[in-house]
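Below is one structure, written out as structure tokens; the observations come after it.
2 protein chains.
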Amino acid sequence: MSEMMSREALEAALRAIGEERYHSRHPFQILLQEGRLTREQVQAWALNRYYYQSMIPVKDSFILARLGTVELRREWRERIIDHDGSESERGGIEKWIALTDGVGLDRDYVMSGRGILPGTRFAVDAYVHFVRERSLLEAIASSLTELFSPSVIGVRNKGMLAHYDFISKETLAYFDKRPVQAKRDSDFALTYCLDHARNRQEQEAVIDALKFKCQVLWTQLDALYHAYVEPGHLPFDAWRPGEAGTAGESESRAA
Amino acid sequence: MSEMMSREALEAALRAIGEERYHSRHPFQILLQEGRLTREQVQAWALNRYYYQSMIPVKDSFILARLGTVELRREWRERIIDHDGSESERGGIEKWIALTDGVGLDRDYVMSGRGILPGTRFAVDAYVHFVRERSLLEAIASSLTELFSPSVIGVRNKGMLAHYDFISKETLAYFDKRPVQAKRDSDFALTYCLDHARNRQEQEAVIDALKFKCQVLWTQLDALYHAYVEPGHLPFDAWRPGEAGTAGESESRAA
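As structure tokens, this is what we get:
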């Protein structure tokens with residue numbers, strides 16, 4: 089095993105991974121923010137990503153269970169509060185539902201998880217299993233994609249607002265607080281990883297955990313692209329544009 | 089909940105799922121058996137499917153651990169013996185390596201698991217997690233895709249031998265014993281499910297487990313199709329045709 093990297097070198101290596109592999113560079117994401125998707129394709133994105141959003145507090149609860157100190161749990165529980173909200177403040181999951189409402193999907197259908205792609209489910213579930221089964225250091229490192237999200241959110245929101253007449257600022261309210269939350273969370277996780285990776289092997293594990301998480305995000309967009317951009321590849325039971333799940337049409341379906 | 093299905097109706101429902109959803113109907117599989125893939129695309133298939141093969145005894149070991157009786161374990165352990173082989177008889181995994189050898193992949197590279205698609209890993213790992221986390225009935229039901237494999241193996245082997253000059257009967261030796269093994273295993277699993285699904289809810293769980301397993305197989309071929317048939321979608325770190333992992337080229341890579 090090579091010698092240990094400096095703190096600065098490890099941070100630079102992590103940032104280079106984001107530069108290359110964060111899903112902001114994925115072809116589907118480019119189509120999304122350049123206004124080149126149909127309304128149905130944006131609906132498919134919102135529907136599938138809901139499953140990812142809905143599992144974030146589950147993932148963070150498993151990490152919470154492993155942190156081992158009051159101080160670390162206090163820090164980490166903020167993520168769960170952000171996503172689940174409170175009596176007085178909407179959480180991230182509720183705001184994502186506002187987004188799926190906004191693009192015209194039926195709320196009960198979205199929340200049921202029916203119709204999401206198997207590729208979405210397998211990728212998201214792999215993330216949840218990863219934080220349970222790998223070391224705590226790797227579990228925390230897998231959250232480091234948040235280092236790269238603040239800049240991407242601005243580009244995507246601007247593009248979506250400019251290009252899609254069915255997207256409003258209210259629809260995208262989910263993203264309003266995310267840059268600040270993501271910066272706070274990723275600063276903490278980065279410091280934790282730089283402090284706790286105590287040899288080269290652990291540093292490599294941190295790097296690999298971040299690559300893994302980039303795969304989790306990238307593979308979700310691969311599945312969307314294959315199913316909803318390439319013609320003729322929609323899997324069984326996946327949401328079909330215009331069918332059940334589109335607001336106003338689900339009632340007749342359910343009847 | 090509706091009333092319970094008869095034994096015959098449940099069996100018919102399971103067979104209908106295979107008819108519709110088994111991966112023999114997947115576009116990649118059709119290309120494979122009709123000789124319409126390049127050697128590199130067949131290599132990608134063999135490489136990725138190795139990961140699936142390699143995890144089958146892991147999956148079966150988790151089921152073995154849950155069976156609870158000597159009789160059931162005696163029956164189920166045959167699957168592990170078939171895949172892992174013995175001193176005197178090559179197992180399924182070793183025969184799959186003969187297949188990856190035969191199509192010109194480097195053995196160490198294949199066995200390392202480097203270069204497989206994230207979509208392959210997520211789908212296969214989802215199967216392993218499924219048999220750990222769901223009921224024993226569902227875990228056993230998820231093996232029922234073997235009901236449909238015997239007929240498919242013949243068609244695929246015949247097509248591959250006829251169309252690809254780099255495929256020999258020896259390369260496909262993996263499949264020689266599979267029809268007999270698959271019939272024995274799936275007869276047992278089917279009887280178990282018909283005997284142990286004691287109400288409509290459990291019958292539906294058996295049906296859903298089989299659908300899930302069809303998704304595991306189908307999604308692997310979706311990932312292959314997207315990465316190796318559609319141009320421009322190869323994920324980071326995935327095997328690149330002609331690069332590391334192709335026999336004879338990996339040594340210079342490893343140096």
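Those sequence lines, one after another, are chains H and A. For reference, each letter of the first sequence is one residue, going 89 to 343 in the numbering used here. For reference, each letter of the second sequence is one residue, going 89 to 343 in the numbering used here. Backbone N, C-alpha and C fix where the C-beta goes; we use that ideal spot for every residue, glycine too.
_Can you tell me which residues form a DSSP beta bridge with Thr69/A?_
Nothing about residue 69/A can be reported from this structure: the residues present for chain A run from 89 to 343 only.
**Prompt:** What runs of the alpha helix (DSSP H), each 4 residues or longer, lie entirely inside the region 192-242 of chain A?
**Reply:** You should have 195-200, 206-221 and 224-229.
In terms of alpha-carbon separation, which member of Lys147/H, Arg161/H and Tyr139/H lies closest to Tyr280/H? Checked all of Lys147/H, Arg161/H and Tyr139/H; the closest Cα to Tyr280/H is Arg161/H.
Q) Which class does Pro319/H belong to by DSSP, given the choice of helix, strand or coil? A) In the structure shown, Pro319/H falls within a coil segment according to DSSP collapsed to helix, strand and coil.
Between Val304/H, Ala315/H and Asp170/H, which has its C-alpha nearest Leu232/H's C-alpha? Sorting Val304/H, Ala315/H and Asp170/H by C-alpha distance to the C-alpha of Leu232/H places Val304/H at the top.
- Query: Is Tyr313/A near Pro115/A, with beta carbons less than 8 Å apart?
  - Reply: For Tyr313/A and Pro115/A, yes; Cβs fall inside 8 Å.
Identity of the residue in Glu292/A, Val191/A and Ser149/A nearest Leu225/A by Cα
When only C-alpha atoms are compared, the closest one is Glu292/A.
**Message:** Can you confirm whether Pro319/H, when its beta carbon is compared against all beta carbons of chain A, has any partner nearer than 8 Å?
**Reply:** False, the Cβ-Cβ gap to chain A never drops below 8 Å.
TODO: Can you give me the Cβ contacts of Ala326/A inside the same chain, cut-off strictly under 7 Å, excluding the 5 residues immediately before and after it?
DONE: For Ala326/A, same chain residues with a beta-carbon under 7 Å away, outside a window of 5 residues either side, are Gly203, Leu205 and Ala315 in chain order.
Discussion item. With three or more C-beta pairs closer than 8 Å as the rule, is the region 232-243 of chain A touching the region 270-287 of chain A?
Written reply: Judged by Cβ distances under 8 Å, the region 270-287 of chain A makes contact with the region 232-243 of chain A, as three or more pairs qualify.
Test: His251/A CB closer than 8 Å to a CB of chain H: His251/A does not count as touching chain H.
Exercise. When DSSP labels each residue in this structure, what does Pro329/H get in the three-state scheme?
Worked result: Looking at Pro329/H - three-state DSSP - the assignment turns out to be coil, as it is neither helix nor strand.
Through-space distance from Ala100/H to Glu107/H, alpha-carbon basis = Straight-line Cα distance between these residues: approximately 10 Å.
>> Within 8 Å of any Cβ in chain H, is that where the Cβ of Ala261/A sits?
In response: Chain H contact via Cβ: absent.
What does Pro206/H touch in chain A if you count any residue whose Cβ is under 9 Å from its own?
Chain A residues near Pro206/H: Ala211, Ala214, Phe300, Gln303, Val304, Trp306, Thr307 and Asp310.
Practice prompt. Helix, strand or coil for Leu160/A, going by three-state DSSP, please let me know.
Written response: Helix.
TODO: Over the uninterrupted alpha helix (DSSP H) stretch that includes His284/A, give me the two end residues.
DONE: Here the alpha helix (DSSP H) through His284/A covers Tyr262 to His284.
Within its chain, find whatever has a CB closer than 7 Å to the CB of Thr307/A; leave out the 5 residues flanking it on each side and keep chain order.
-> Cβ neighbours of Thr307/A beyond the five flanking positions: Gly207 and Ala211.
Inter-residue spacing [alpha-carbon to alpha-carbon] between Leu102/H and Ala285/H
When rounded, the distance between both Cα atoms is 13 Å.
**OP:** Within the same chain, show all residues whose beta-carbon is closer than 7 Å to that of Gly180/H, passing over the 5 residues directly before and after it, in chain order.
**Re:** Around Gly180/H: Gln141, Asp170, His171 and Tyr262.
What three-state label does DSSP hand Arg95/H in the structure shown?
Assigned with DSSP and collapsed to three states, Arg95/H falls in helix.
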